Amino acid sequence: MRSFSFSLSRFRRNSTPVLKQGEFVGSLDCGTTSTRFMIFDRYANIIAQRQIEFPQYYPEPGWHEHDPEEIIGTCDTCITDTCNDLEAAGWTKDSVKVIGITNQRETTVAWSRSSGRPLCPAIVWDDSRTKNTVVHFENKLENEGIEIDGSFKKGSEGAKALRDLTGLPLSTYFSAIKLRWMIDHHETVRQAHEEDDLLFGTVESWILYRLTGGKSSGLHVTEVTNASRTLLLNLHTLQWDPTLLRFFGFKPSILPKLASSSEVYGTIAKGPLQGVRIGGLVGDQQGALVGNKCLKQGEAKCTYGTGAFLLFCTGEDIVPSNHGLVTTVAYQDGPNGKPVYALEGSIAVAGSAIKWLRDSMDMVSSASAVNTLAESVPDTGGVYFVTAFSGLLAPYWDPGAAGLLIGLSSYTTPAHIARATLEANAFQTRAILESMKLDSKSDLKHLKVDGGMTNGDMVMSILADLGGFTVIRPEMRESTALGSALLAGSAIRLFGWDISKPETLAEVNTRGDTKFEPGMTEAEREKRWKGWQKAVERSKGWDEGVDE
């Protein structure tokens, strides 16, 4: 009996399955409400993944904050849990050869050089508390101007000079405005700035700093797509611009080192992936552009998540916008690679409007139920919903715009409001595309889409009808995470990937797609479009009581 027992225990020990060695690439995707870590193979099949939500803080109307430590906590947990799942699926964690990081853009983090800890809550990209700060710098442009080549450009010339340098307008949206507010309103941040102890970065910079060792060995680096959203980067030189630092009143010591979107920055300092290279950094919307393989001039995508973001690739040309869009860096393939640029239109409220219907208004029990409710009526019954919860972004750029439901009557039901919510995304997408036509002198025939909102066929049909173009929805829609994975793989030429040679990505994400064609008559489309434009005009300028 003893002999049998001993033999059985030895058999159990020896029967532990041997884990397989593979070649995979990881992507750490830190969005507005959650963090995900995904592991892809060479074809963009997902081998393992985990997702964790982190808290959202709204301490005052228009304010939106994150705790940077909570973000890092979700990153660490996602990586650990996904690696456990990878091993449970029969693969060694050593199969992950490189990872990329992609992030919510513009969200601003301030931390201490000496302690490595955050100095205040992060201000999220859609936070609108900085309206007064924007007014201050608008007045500064008007009265003092911005110094360009030894002379000061004032008024409209100053605003144009700022846009020529950065591709961006003055707005609550961009990081320099948020950082200026932090310095002006948080004593700890002001003091750190004065004492050269302040480190500034967007979320990918903060995550990279902590993953590579934090205070002891952390890298203070940002990459060009995120840097191009700060109002501090010269689009033409891809360098921090001293003119912009002087205009906003920042010391150069706060700034991270600039890097391309695809290169090896460092290695992970601890955890299950200790020693693994970090080879790709990219803002989430540019990541989705790469993930959709929109790498050539004239290709476009729109991601519908918390907000919605439409990027139109303009190749190596910097195309200025005269119609309310922003010019941004799409990606840079390696430190010696030529930058690729894009025109972008941003919608502040997309999926978050559905969340509002669910959580604040109790109209539906789940986000997916909005589609079912909207589908129960043939139209909105004349209702328009301008979802300007924190002002309007492109192409309107009105921080004082207010959310507006108009066209209500005794006939209106929750179903009409649900449908009007979905139509709001389509109308705002069309507004951006109308501007892109004028700026790029080209007409978009189809639009690639991704993001959580695209799961509903109803949303996509409404978008095609009101937009008047073909909507293409890939079967595999994790485009943001895939984009950072492609950039990371390209940095070490994993699988032969090379972002500068799109043909090397031919085997990536080939599962097919679903096309949605417009079915609405042109006359009906234009009638609805005119109604939307009237509704937007009614919503504009509601909150104009801003004191400097």
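Numbering (our numbering), first residue to last: 648 to 1195. Just so it is clear, CB atoms sit at the ideal spot from N, CA and C, and this is done for glycine as well. From a predicted model like this one, the values you see are computed outputs, not experimental measurements.
Subject >> 7 Å CB neighbourhood of His1063 in its chain, flanking five on each side removed >> reply: If you number the sequence shown from 1, residue 1063 lands on position 416. The answer, listed in chain order, is Val1024, Thr1027, Gly1028, Val1030.
**OP:** Report yes if the C-beta distance between Leu817 and Glu785 is below 7 Å; otherwise report no.
**Re:** Position 170 of the sequence shown holds residue 817. Position 138 of the sequence shown holds residue 785. Yes, they are a contact pair.
**OP:** Report the three-state DSSP secondary structure of Phe894 (helix, strand or coil).
**Re:** Numbered from its first residue, the sequence shown carries residue 894 at position 247. Correct three-state label for Phe894: helix.
Subject >> Touching by the beta-carbon criterion (3+ pairs, under 8 Å), the segment 765-783 and the segment 822-840 >> reply: As far as the Cβ criterion goes, the segment 765-783 touches the segment 822-840, which means the pair count is three or higher.
**OP:** Going by CA-CA distance only, name the one from Arg689, Asp844, Arg683 that's closest to Phe701.
**Re:** By one-based count along the sequence shown, residue 701 stands at place 54. Answer by Cα proximity: Arg683.
Original post:
In whole angstroms, what separates the C-alpha of Ala1182 from that of Thr1060?
Top reply: Mapped onto the sequence shown, residue 1182 falls at position 535. Mapped onto the sequence shown, residue 1060 falls at position 413. Near 19 Å, if we compare the C-alpha coordinates of Thr1060 and Ala1182.
**OP:** Please name the residue in Ser908, Ser1087, Gln1075 whose C-alpha comes closest to that of Ala1138.
**Re:** In the sequence shown, residue 1138 corresponds to position 491, counting from 1. Per the Cα distances, Ser908.
Original post:
Hey, Ile748 and Leu928: beta-carbon distance below 7 Å or not?
Top reply: For the purposes of this step, residue 748 is taken as the residue at position 101 of the sequence shown. For the purposes of this step, residue 928 is taken as the residue at position 281 of the sequence shown. The answer is yes: Cβ separation under 7 Å.
Original post:
If you draw a straight line from the alpha carbon of Gly896 to that of Ile824, how long is it in whole angstroms?
Top reply: Taking the sequence shown and counting its residues from 1, the one referred to as residue 896 is at position 249. Taking the sequence shown and counting its residues from 1, the one referred to as residue 824 is at position 177. Taking the straight line joining both Cα atoms gives about 11 Å.
Subject >> Counted within 10 angstroms of its Cβ, other Cβ atoms place Gln932 as buried (16 or more) or exposed >> reply: The residue labelled residue 932 in the question sits at position 285 within the sequence shown. Buried, because 16 or more other Cβ atoms sit within 10 Å of the Cβ of Gln932.
Original post:
Relative to the ligand PLP, is the shortest distance from any of its heavy atoms to the C-beta of Glu841 smaller than 6 Å?
Top reply: As presented, the structure is devoid of all ligands, the ligand PLP included, so that no description of it is given.
Original post:
Counting only runs that start and end within the segment 1089-1173, where is the beta strand (DSSP E) found for 3 or more residues in a row?
Top reply: With a minimum length of 3 residues, the continuous beta strand (DSSP E) runs that stay inside the segment 1089-1173 are 1093-1097, 1117-1121, 1160-1163.
**OP:** Please determine if the segment 1157-1171 and the segment 707-716 are in contact, where contact requires at least 3 C-beta pairs separated by less than 8 Å.
**Re:** Under the three-pair Cβ rule at 8 Å, the segment 1157-1171 does not count as touching the segment 707-716.
Original post:
Exposed or buried, what is Ala947 when buried is set at 16 or more other beta-carbons lying within 10 Å of its beta-carbon?
Top reply: The residue given as residue 947 occupies position 300 in the sequence shown. Ala947 comes out buried.
Original post:
For Asn873, which three-state DSSP category applies?
Top reply: Stepping through the sequence shown from its first residue, residue 873 is reached at position 226. In the structure shown, the three-state DSSP call for Asn873 is helix.
Original post:
Would a C-beta distance cut-off of 7 Å place Gly865 and Arg752 closer than the cut-off?
Top reply: For the purposes of this step, residue 865 is identified with residue 218 of the sequence shown, where counting begins at 1. For the purposes of this step, residue 752 is identified with residue 105 of the sequence shown, where counting begins at 1. Arg752 sits away from Gly865, with the two beta carbons spaced by 7 Å or more.
Original post:
Should the segment 937-957 be called in touch with the segment 978-998, which here means at least 3 C-beta pairs below 8 Å?
Top reply: Flag = yes, the segment 937-957 and the segment 978-998 touch.
Original post:
Using DSSP with H/G/I as helix, E/B as strand and the rest coil, what is Asn731?
Top reply: One-based indexing of the sequence shown puts residue 731 at position 84. In the structure shown, Asn731 falls within a helical segment according to DSSP collapsed to helix, strand and coil.
Subject >> Three-way DSSP call (helix, strand, coil) for Arg683 in this model >> reply: To locate residue 683, count along the sequence shown from 1; it is residue 36. Three-state DSSP puts Arg683 in a strand.
Original post:
What number of angstroms, rounded off, separates the C-alpha of Glu1173 from the C-alpha of Arg1077?
Top reply: Here residue 1173 refers to the residue found at position 526 when the sequence shown is read from its first residue. Here residue 1077 refers to the residue found at position 430 when the sequence shown is read from its first residue. Distance between the alpha carbons of Glu1173 and Arg1077 is about 11 Å.
**OP:** Look at the Cβ atom of Phe1032, then the Cβ atom of Ala1065, and state whether they are nearer than 7 Å.
**Re:** Looking up residue 1032 in the sequence shown gives position 385. Looking up residue 1065 in the sequence shown gives position 418. At the C-beta level, Phe1032 and Ala1065 stay beyond 7 Å of one another.
Original post:
Does the distance from the CB of Ala906 to the CB of Val868 come in under 7 Å?
Top reply: By one-based count along the sequence shown, residue 906 stands at place 259. By one-based count along the sequence shown, residue 868 stands at place 221. Yes, these two residues count as a Cβ contact at 7 Å.
Subject >> Cα-Cα separation between Arg827 and Ser900, rounded to whole angstroms >> reply: Your numbering for residue 827 matches position 180 in the sequence shown. Your numbering for residue 900 matches position 253 in the sequence shown. For Arg827 and Ser900, the distance between alpha carbons rounds to 15 Å.
Subject >> Span of the beta strand (DSSP E) around Phe956 >> reply: In the sequence shown, residue 956 corresponds to position 309, counting from 1. It spans 955-962 - the beta strand (DSSP E) in which Phe956 sits, taken as one unbroken run.
Original post:
If Asn881 sits next to Asp1097, beta carbons under 8 Å apart, how far is it from one beta carbon to the other, in whole angstroms?
Top reply: Taking the first residue of the sequence shown as 1, we reach residue 881 at position 234. Taking the first residue of the sequence shown as 1, we reach residue 1097 at position 450. The Cβ separation is near 31 Å, so there is no contact.
Original post:
Ile1001 by DSSP, collapsed to three states: which one?
Top reply: Position 354 of the sequence shown, counted from the start, is the residue given in the question as residue 1001. Here Ile1001 carries a helix assignment [DSSP, helix/strand/coil].
**OP:** Grab the span of the beta strand (DSSP E) containing Gly1050 for me, first residue to last.
**Re:** Position 403 of the sequence shown, counting from 1, holds the residue named residue 1050. Where Gly1050 is concerned, there is no enclosing beta strand (DSSP E), given that its DSSP letter is neither H nor E.
**OP:** Could you name each continuous alpha helix (DSSP H) segment of 4 residues or more that falls completely within the segment 740-825, going from the start of the chain to the end?
**Re:** Every alpha helix (DSSP H) stretch that sits fully inside the segment 740-825 and reaches 4 residues is listed by chain position as 778-790, 802-813.
**OP:** Whole angstroms is fine: what's the gap from His832's alpha carbon to Asp844's?
**Re:** Residue numbering aside, residue 832 sits at position 185 when the sequence shown is read from its first letter. Residue numbering aside, residue 844 sits at position 197 when the sequence shown is read from its first letter. For His832 and Asp844, the distance between alpha carbons rounds to 17 Å.
**OP:** Report back the beta-carbon spacing between Lys1187 and Asp1045 to the nearest angstrom; my notes put them in contact at under 8 Å.
**Re:** On the sequence shown, position 540 is the one that residue 1187 refers to. On the sequence shown, position 398 is the one that residue 1045 refers to. Lys1187 to Asp1045, Cβ: 5 Å. Contact.
Original post:
In the segment 969-1002, which residue ranges form an unbroken beta strand (DSSP E) of at least 3 residues, counting only runs that do not cross its ends?
Top reply: Within the segment 969-1002, the complete beta strand (DSSP E) runs of at least 3 residues fall at 973-979, 986-994.
**OP:** Quick one: using the 10 Å Cβ neighbour count with 16 as the cut-off for buried, is Met1233 buried or exposed?
**Re:** Outside the displayed span of the chain (648 to 1195) sits residue 1233, for which this structure offers no information.
**OP:** Tell me whether Arg1175 sits in a helix, a strand or coil according to DSSP, three-state version.
**Re:** Within the sequence shown, the letter at position 528 stands for residue 1175. Arg1175 carries a helical assignment under DSSP once its states are collapsed to helix, strand and coil.
Subject >> C-alpha gap between Met1008 and Leu1055, whole angstroms >> reply: Along the sequence shown, one-based indexing puts residue 1008 at 361. Along the sequence shown, one-based indexing puts residue 1055 at 408. If you take the alpha carbons of Met1008 and Leu1055, they lie about 16 Å apart.
Original post:
With distances taken between CB atoms, is the gap from Val871 to Gln703 smaller than 7 Å?
Top reply: Taking the first residue of the sequence shown as 1, we reach residue 871 at position 224. Taking the first residue of the sequence shown as 1, we reach residue 703 at position 56. No, Cβ-Cβ distance for Val871 and Gln703 is not below 7 Å.
Subject >> Cβ-based burial, Gln1180 [other Cβ within 10 Å; buried from 16] >> reply: On the sequence shown, residue 1180 is found 533 positions in, with the first residue counted as 1. Around the CB of Gln1180, fewer than 16 other CB atoms lie within 10 Å, so the residue is classed as exposed.
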